[in-house]
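Take the sequence shown: its letters are residues 3 to 285, numbered as in the working numbering.
We treat Cβ as the ideally placed atom computed from N, Cα and C, and that holds for glycine.
Just below is one structure, and these are the notes that go with it.
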Amino acid sequence: MKPVPAVQPVRVPPVKVWGVINVTPDSFSDGGRFDELDAALRRARRLIADGADILDIGGESTRPGAQPVDAAQEIDRVVPLIQAIRAESAVPISIDTMKPAVARAAMAAGATIWNDVTALRHAPDSLATAAALGCEVVLMHMQGEPGTMQAEPRYDDVVAEVAAFLASRAEAAMAAGVARGRIWLDPGVGFGKHMLDHNLPLLAGLDRIVALGFPVLLGVSRKSFISTVDGGGRPGEQRLGGSIAAALAGVAAGVAAVRVHDVRETVQALRVWTAIAQAGRAG
Ligand code: HH2
3 MKPVPAVQPV RVPPVKVWGV INVTPDSFSD GGRFDELDAA LRRARRLIAD
53 GADILDIGGE STRPGAQPVD AAQEIDRVVP LIQAIRAESA VPISIDTMKP
103 AVARAAMAAG ATIWNDVTAL RHAPDSLATA AALGCEVVLM HMQGEPGTMQ
153 AEPRYDDVVA EVAAFLASRA EAAMAAGVAR GRIWLDPGVG FGKHMLDHNL
203 PLLAGLDRIV ALGFPVLLGV SRKSFISTVD GGGRPGEQRL GGSIAAALAG
253 VAAGVAAVRV HDVRETVQAL RVWTAIAQAG RAG
């Protein structure tokens with residue numbers, strides 16, 4: 003019998019892990035703001051230690067019913083954190099915003115990636131701003147607007163429609179001057195998609211999004227469809243198993259990165275997944 007080859011420890015998972023940091027404080031008193039910054043900085047340090055490749059920082063919630071935030075407030079939330087992280091780490095930072103002014107301020111503070119859930123459609127100058135900044139951009143699919151997107155989403159063929167939208171936004175970005183190599187695509191799980199009728203077929207058809215030829219970022223971590231599949235009623239912190247299962251389904255389809263809240267557990271899952279894949283190739 004052939005000896006079983008030893009599995010080498012996998013140091014760098016081929017799939018990048020984006021760790022989520024939301025800075026969306028309820029309190030705007032000075033004390034509240036300082037506490038928020040301090041807590042967010044501690045979270046950033048932990049995510050880096052846990053193996054995050056990129057930190058994705060957001061100052062405005064996109065959940066239906068969330069309070070809209072103006073650009074100045076959003077800048078006030080995210081820029082001090084980006085500066086504080088930059089002062090002690092070279093980890094790449096992504097800014098999760100739909101506002102060009104926030105993206106500009108974040109890049110000036112040291113971010114290098116603009117993660118835009120509106121795929122650079124929110125403002126008339128979004129495309130030109132991304133091109134001028136020369137940053138990487140994440141173009142995400144969403145049907146409708148954040149506040150109302152879950153009201154009545156409709157698709158004939160969700161995978162084909164998401165793929166066509168992403169291809170057209172990538173074209174628009176390149177026409178505006180964004181370099182092809184700086185574009186990421188994201189199917190936007192949970193954004194204007196029915197819990198099971200749209201999110202599950204979209205995840206099952208991710209290989210068709212990957213086939214567009216751009217790196218794909220997948221955000222499934224703690225999303226509501228996981229609780230629905232699991233019988234309902236599970237709060238975000240109780241969706242880790244489903245989050246990892248969905249992330250690995252994405253990895254099997256060829257996504258380049260996953261956006262997650264639970265970095266340590268996801269990195270471990272990816273290492274085991276990769277080690278098994280490598281052992282299979284070695285055998
Ligand atoms: N999901 C959320 C926010 N930003 N960006 C990308 N590219 N892809 C996603 O799937 C995505 C995203 C929503 O998740 P969460 O951070 O949990 O919620 P909130 O919007 O309240 O910050």
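Here ASP188 is buried. Its C-beta has 16 or more other C-beta atoms within 10 Å.
The Cβ neighbour count for ASP127, taken over all protein chains shown within 10 Å, is under 16; the residue is labelled exposed. For LYS101, the Cβ stays outside the 8 Å cut-off from all heavy atoms of the ligand HH2. With respect to the 9 Å criterion, VAL104 and GLY61 are classified as neighbours on the basis of their beta carbons.
If you draw a straight line from the Cα of GLY53 to the Cα of ARG266, it is about 7 Å long. Annotation: the continuous beta strand (DSSP E) that includes ARG261 extends over 259 to 262. The DSSP assignment places complete alpha helix (DSSP H) segments of no fewer than 4 residues inside the region 64 to 94 at 73 to 90, in order along the chain.
Cα atoms of LEU204 and GLU138: separation of roughly 24 Å, rounded to the nearest angstrom. Here ILE84 is buried: its Cβ has 16 or more other Cβ atoms, across all protein chains shown, within 10 Å. DSSP, read as helix, strand or coil, puts ASP98 in strand.
Of the other Cβ atoms in all chains shown, 16 or more fall within 10 Å of the Cβ of ASP118; this residue is therefore buried. At least one heavy atom of the ligand HH2 lies less than 8 Å from the C-beta of VAL140.
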